[in-house]
Structures are given as C-alpha cells and as structure tokens.
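>
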Amino acid sequence: MNKSNFFEKVYLKVKKIPPGKVTTYGLIAESLETKDARKIGWALHINKDPKVPCHRVVGKNGKLADGFGMGGWEEQKKRLLKERIEFSDEKHVDLGKHLFNKL
DNA sequence: AAAGTGACGCATT
DNA sequence: TAATGCGCCACTT
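The numbering used here puts the first sequence at residues 727 to 829.
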C-alpha cells in the first residue's frame, strides 16, 4: 500500500501550494533533494488523492502536462483558470506572476 | 538481478 | 524554432 515515502514527500510539497499559485517539477525535485523531475510527475500521475492539487504543478517553463490523468491538460488548465491563474499560452502558465518557490 | 518505464530538463543538432 | 538524444532516480515486471 505504501509505495514509498518519496511519494508522500511529493504530495506534501504539492499540498503546500496555496491557491492561485503554481510550481514546477524541477522546483519540487530540488526541495526533495533530488535532481529527477520525472519522479515528481510520476508520483502525481499515480496519485488519486483529490487533496493533492496536481493541477498546480507544471513544467519548467510553465508548460502543462500532456498526460494529465483526468482528461488531459485541458482539465488542468480549466482548474488553474478557476484560481485566477493567467496563461501566457494555451499550454503555458504565467510563472512570472504565479510561481510559488517557497516550498 | 536486469531491463523497461515515466505528467521532466537541458544540450545539441 | 522544433525535434532528438541523453541523463536522472525510483518503481514495476
């Protein structure tokens, strides 16, 4: 049942993201003292916990994830828009205004 | 144990 | 600018 403590750490970080803010895989990876951003996305991919705002986690350049597990990046974008988060492109969040780097 | 996988990141072509 | 390759680290089979 417990995949690994690593996942919990990821979830913990993501859960700390306040509404209206976003963060990147790389930033979370650094917070966890690792270099692998892939693990972050992976942890969120298998995640089913609605308490984890995975839609607030984007790529380095604010890019949304193609493989979002609930309907694709379009669903993610919809949620972000709901939190007043602005987009610089269809698939890119405006990190300059909403980046949360105080994990 | 070895090989394969993965919602990324960065360098190079 | 876009596309491709390689690296990274933990998990699954």
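Note that CB positions come from ideal geometry on N, CA and C, so glycine has one too. Owing to the predicted nature of the structure, the values given are computational and were not obtained by experimental measurement.
Sorry if obvious, but does the Cβ on S730 come closer than 8 Å to a heavy atom of the ligand FAD?
Because no ligand of any kind appears in the structure shown, any question about the ligand FAD cannot be addressed here.
> Taking its Cβ as the centre, do 16 or more other Cβ atoms sit within 10 Å of K803, making it buried, or is it exposed?
Within the first sequence, numbered from 1, the residue matching residue 803 stands at position 77. Flag for K803 reads buried.
> Determine the DSSP secondary structure at S814, reduced to helix, strand or coil.
Within the first sequence, numbered from 1, the residue matching residue 814 stands at position 88. The answer is strand: DSSP assigns S814 an E or B state.
> For E756, which option in G746, P779 and F732 has the closest C-alpha, if you only look at C-alpha atoms?
Indexing the first sequence from 1 puts residue 756 at position 30. E756 has its Cα closest to that of F732, out of G746, P779 and F732.
> Whose C-beta lies closer than 6 Å to the C-beta of W768 among residues of the same chain, with five residues either side of it excluded?
Your numbering for residue 768 matches position 42 in the first sequence. The answer is none, since no qualifying residue turns up.
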